[in-house]
Structure formats: structure tokens, C-alpha cells
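Colleague: Residue numbers (my numbering): 0 to 53. Beta carbons: idealized from backbone N, C-alpha and C, even for Gly.
(1) Answer with buried or exposed for residue 11, where buried requires no fewer than 16 other C-beta atoms within 10 angstroms of its C-beta.
(2) Note down the Cα distance separating residue 32 from residue 47, rounded to an integer number of angstroms.
(3) Buried or exposed: residue 14, going by 16 or more other Cβ atoms within 10 Å of its Cβ?
(4) Going by other Cβ atoms of all chains shown within 10 Å of its Cβ, with 16 needed for buried, is residue 37 buried or exposed?
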């Protein structure tokens with residue numbers, strides 16, 4: 000379960016990085032708010048998944 004949780008965390012972080020890069024290019028620099036929201040959602044989701052996997 001721990002390995003699955005870690006994998007999901009890594010996947011979430013990679014997903015946020017990709018979204019950050021895409022919004023930075025497309026949004027012309029107005030990416031900071033979606034980036035913060037993305038990180039928050041990723042961390043929150045990872046925490047919930049880790050709690051449920053125990």
C-alpha cells in the first residue's frame with residue numbers, strides 16, 4: 000500500500016508540473032493561481048489516498 004501511495008504522489012506531482020508548464024505557455028504567465036490550486040489539490044488527494052490505503 001505504501002508503494003502505491005508513493006507512486007500516486009509522484010504521479011500527482013508530475014501531473015501538476017505538466018499542468019503548470021502548459022498554463023505558463025498558454026496563459027502567458029498567469030499560471031501562479033492554477034499552480035497553487037493544483038498543488039493544493041494534488042497534496043490533498045495524495046493525503047486522502049494515503050489515509051485510505053492504510
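Modeller: Taking the definition as stated:
(1) Locating residue 11 in the chain shown gives position 12, where the first residue counts as 1. Taking a 10 Å sphere around the C-beta of residue 11, we find 16 or more other C-beta atoms and assign the residue as buried.
(2) On the chain shown, residue 32 is found 33 positions in, with the first residue counted as 1. On the chain shown, residue 47 is found 48 positions in, with the first residue counted as 1. In this model, residue 32 and residue 47 are separated by some 22 Å (Cα to Cα).
(3) For this step, residue 14 is matched to residue 15 along the chain shown. With fewer than 16 Cβ atoms within 10 Å of its Cβ, residue 14 is classed as exposed.
(4) Translated into positions along the chain shown, residue 37 becomes position 38. Its Cβ being crowded by 16 or more others within 10 Å, residue 37 is buried.
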